[in-house]
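2 protein chains.
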Amino acid sequence: MNQLPIRRRRHARFRAVTNHISDSTVHRLSKYYRTLSMVQSKGVKTISSDSLALQNGVTAAQVRKDLSCFGAFGRRGLGYSVADLKKNIGKIMGLGRTWKVALVGVGNVGRALLDYDQFRLQGFQITLAFDADPTKIGRDFHGITVRDAANLADEVNREAVDIAVIAVPSDYAQATVDKLVAGGVRAILNFAPINITAPNGVFVRHENMAIEIEALAFALTNPDLAKGD
Amino acid sequence: MNQLPIRRRRHARFRAVTNHISDSTVHRLSKYYRTLSMVQSKGVKTISSDSLALQNGVTAAQVRKDLSCFGAFGRRGLGYSVADLKKNIGKIMGLGRTWKVALVGVGNVGRALLDYDQFRLQGFQITLAFDADPTKIGRDFHGITVRDAANLADEVNREAVDIAVIAVPSDYAQATVDKLVAGGVRAILNFAPINITAPNGVFVRHENMAIEIEALAFALTNPDLAKGD
Chain A
1 MNQLPIRRRR HARFRAVTNH ISDSTVHRLS KYYRTLSMVQ SKGVKTISSD
51 SLALQNGVTA AQVRKDLSCF GAFGRRGLGY SVADLKKNIG KIMGLGRTWK
101 VALVGVGNVG RALLDYDQFR LQGFQITLAF DADPTKIGRD FHGITVRDAA
151 NLADEVNREA VDIAVIAVPS DYAQATVDKL VAGGVRAILN FAPINITAPN
201 GVFVRHENMA IEIEALAFAL TNPDLAKGD
Chain B
1001 MNQLPIRRRR HARFRAVTNH ISDSTVHRLS KYYRTLSMVQ SKGVKTISSD
1051 SLALQNGVTA AQVRKDLSCF GAFGRRGLGY SVADLKKNIG KIMGLGRTWK
1101 VALVGVGNVG RALLDYDQFR LQGFQITLAF DADPTKIGRD FHGITVRDAA
1151 NLADEVNREA VDIAVIAVPS DYAQATVDKL VAGGVRAILN FAPINITAPN
1201 GVFVRHENMA IEIEALAFAL TNPDLAKGD
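First to last, the protein sequences are chains A and B.
Under this note's numbering, the first residue of the first sequence is numbered 1, with each subsequent residue one higher.
Under this note's numbering, the first residue of the second sequence is numbered 1001, with each subsequent residue one higher.
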C-alpha cells in the first residue's frame, strides 16, 4: 500500500491546496485506530465499515471516504483485515512508533499528562519536563526530574525533542513557543487557553478541555438540536 | 432574536433528522464565544466575520454559515456587535450561566480538572467529587471534600447535578454512567478512554487528550498533507 495518494503525485503543483487532510478526518483516523486496537485485543480478525462506523458514531460511507483518502484497504463484501488496517492507519498517523515529548509547565494539567496512559500507550513518551518555578526545578514527578525552563531552547535542541506540550499559564505560552521553535521543535501541543503563533513548518495544535463540556451545555440548553448519544 | 430556527417550527415532524447541529459547528461556536470574550476584554466593540474567522482558523463564509443556523446577527458591511453576538452565542450555547458539575474519579486527571480555570470561567462549577478509594474519601482537593462513590446515584440526585465528569479507570466507566443515569444526570463528559453507552435523552461526550498529539504525529509524518498553523 502506498501511503501517498496518487492525486498528490499527479498534481504536485497543487499540493498545498488540494491535498490537505482535514482535521476531522485525522481525528477520525485516530478513533478508528483505537477501535481497531480494541477489537484486535479481543481476537477479532476482520471488521466491516458498518461496524467501524457504528463504534465511532459516523456513517459507513464516512469511514470508506476517510480511508479512501489514502488508498483502498478493504474488499467489497469482505470487510477489512483488522491487523492490516491497523498497521496502515498506524503508518499514516505516525503511530506504532515512539515520539520524544517534552512537557513545559508542571502544574496540575502538566502532572496529569505526565501520568496519562493514553500518551504512553500511543507512543508519546514524555522524557523531559520543564518549569520556571524554583520550588519545582529538580523535583521528580512520575519519575521525571523537572528542569529549569530557562534552558528550554538549548535542552530541547540537544535532546532532539519531536513534540513539545505546553501547559504553562497563558501569559507565558507565546514566549515558550518562541523558545521551543528556537530549539528546533516542529510540533507543539498547547494546553494554555490562548492562541499562539509559530512560523511556517511548525505544527501547532490546541487542546481545550472545556470544549466538550460546553457542547454538553449546548445539548442541555437545546435538547432538540443536539445529537443524542 | 429567536433562538430556534424557523425551519424547526415549520417542519417539526422532521426535527430529529433535519435540525441537528453538527459537533463541528458547536465546537466552533465555543471558539467564537471565547474570541468574543477576549476582544471584549480589550474594549473592542464590533468585529467582522473576517476577523472572527482569522482568529479561529476558518473562512469568513464558515463563520457566517455557523451563525446563520440560529438567525441573522450581523449587518452586511457593519460587522457584528461584540456584546450582542457574545450574548446571543452564550444563550445558544448555555454559557454565561452556572452549571452544577459532579466529578467522579479524583486521580491525576480529576485533580487537574478540579483546578481547571476554563471550567470555572465558563460557568462549570465542580461542587461535588466522588471516588471509590477509601484513602481519598473524606479528603479535600482544591476545596472539595471527596465523597464515597458508593452513594453516587443518591447524591447526584439529591444535589440536582446538571453535568457529571467521569475520570475513573476504563473498567469502571460504564458502571459509573449507569449510576449517574439512575441518579437522573442527563449530561456526561467521559475522560475514560473507552466507549460508554447511555439511554436516549442522556448526552455523552468523550474527551480524549491524546487526539491532538496524534494529529501532530500525523503532521510530522506527512508534512505535505497536514495543515500548517
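C-beta atoms are modelled at their ideal positions from N, C-alpha and C, and glycine is treated no differently.
Since the model is a prediction, treat every value here as computed from it, not as a measurement.
| Asked | Found |
| --- | --- |
| So Ile1188(B) is in the beta strand (DSSP E); what residue range does that whole segment cover? | 1187 to 1190 |
| From Lys42(A) to Trp1099(B), what does the alpha carbon distance come to, in whole angstroms? | 39 Å |
| Alpha carbon to alpha carbon, how far is Ile1021(B) from Pro223(A)? Give it in angstroms, no decimals. | 11 Å |
| With H, G and I counted as helix, E and B as strand and the rest as coil, what does DSSP make of Leu103(A)? | strand |
| Are any of the Cβ atoms in chain A nearer than 8 Å to that of Ala1061(B)? | no |
| Mapping the DSSP letters down to three states, classify His206(A) as helix, strand or coil. | strand |
| So Arg1147(B) is in the beta strand (DSSP E); what residue range does that whole segment cover? | 1144 to 1148 |
| Near Ile1213(B), which residues of its chain fall below 8 Å by C-beta distance, leaving aside the five closest residues on each side in sequence? | none |
| Counting only Cβ-Cβ distances shorter than 7 Å, please list the residues of the segment 1118 to 1144 of chain B near chain A, keeping chain order. | Gln1118, Phe1119, Gln1122, Phe1124 |
| Compare the Cα-Cα distances from Arg139(A) to each of Pro169(A), Phe124(A), Gly107(A) and report the closest residue. | Gly107(A) |
| Which runs of the alpha helix (DSSP H) spanning at least 4 residues fall entirely within the segment 53 to 98 of chain A, listed in chain order? | 60 to 68, 82 to 93 |
| Leaving out five residues before and five after Lys1045(B) in sequence, what residues of the same chain have Cβ atoms less than 8 Å from its Cβ? | Ser1081, Val1082, Ala1083 |
| Using only the alpha-carbon positions, how far apart do Ser1024(B) and Asn195(A) sit? | 19 Å |
| When burial is assigned at 16 or more other CB atoms within 10 Å of the CB, is Gly94(A) buried or exposed? | buried |
| Smallest Cα separation from Leu1189(B): which of Gly1090(B), Thr1176(B), Ile1163(B)? | Ile1163(B) |
| Indicate whether at least one CB of chain B lies closer than 8 Å to the CB of Thr98(A). | no |
| Select from the segment 1146 to 1163 of chain B all residues with a C-beta closer than 7 Å to any C-beta belonging to chain D, and list them in chain order. | The structure shown has no chain D; the protein chains it does contain are A and B. |
| Buried or exposed, going by whether 16 or more other CB atoms sit within 10 Å of the CB of Asp1154(B)? | exposed |
| Is the separation between the beta-carbon of Val1165(B) and that of Val1204(B) shorter than 8 Å? | no |
| Which residues in chain A sit within 8 Å of Ser1024(B), going by Cβ to Cβ distance? | Ser24 |
| Does Asp1066(B) pass the burial test, meaning 16 or more other C-beta atoms within 10 Å, or should it be called exposed? | buried |
| For Leu1220(B), I'd like the list of residues in its chain whose CB is within less than 7 Å of its CB, leaving aside the five on either flank, ordered along the chain. | none |
| Alpha carbon to alpha carbon, how far is Val1161(B) from Phe1124(B)? Give it in angstroms, no decimals. | 11 Å |
| Taking C-alpha atoms, which residue in Gly1183(B), Phe1191(B), Glu1207(B), Val1185(B) lies nearest to Ala1173(B)? | Phe1191(B) |
| So, is the C-beta of Tyr32(A) closer than 8 Å to a C-beta in chain B? | no |
| What in chain A is Cβ-close to Leu1216(B), meaning under 7 Å? | Ile163, Ala187, Leu189, Phe203, Arg205 |
| Taking a cut of 9 Å between CB atoms, which residues from the segment 1083 to 1095 of chain B lie near chain A? | Lys1091, Ile1092, Met1093, Gly1094, Leu1095 |
| Just the chain A side, please: which residues come within less than 7 Å of Ala1175(B) by C-beta, in chain order? | Result: empty, since nearest Cβ-Cβ is about 17 Å, beyond 7 Å. |
| Report the neighbours of Val1109(B) on chain A: residues whose CB is nearer than 8 Å to its CB, in chain order. | Ala112, Tyr116 |
| By alpha-carbon positions, which one of Val63(A), Leu85(A), Thr35(A), Gly110(A) ends up nearest to Glu207(A)? | Gly110(A) |
| Just curious, the alpha helix (DSSP H) that Asp171(A) is in, first and last residue? | 170 to 182 |
| Return helix, strand or coil for Ser1041(B), following the three-state DSSP convention. | helix |
| Quick check: what's the CA-CA separation for Val181(A) versus Asn151(A)? | 13 Å |
| Around the Cβ of Ser1030(B), are there at least 16 other Cβ atoms within 10 angstroms (buried) or fewer (exposed)? | buried |
| Can you list the residues of chain A that Ile1047(B) reaches, using a CB-CB cut of under 9 Å? | None at all; the shortest Cβ gap to chain A is about 15 Å. |
| Mind listing the chain B neighbours of Leu220(A)? Cutoff is C-beta to C-beta under 9 Å, in chain order. | Gly1094, Trp1099, Asp1162, Ile1163, Arg1186, Ala1187, Phe1203 |
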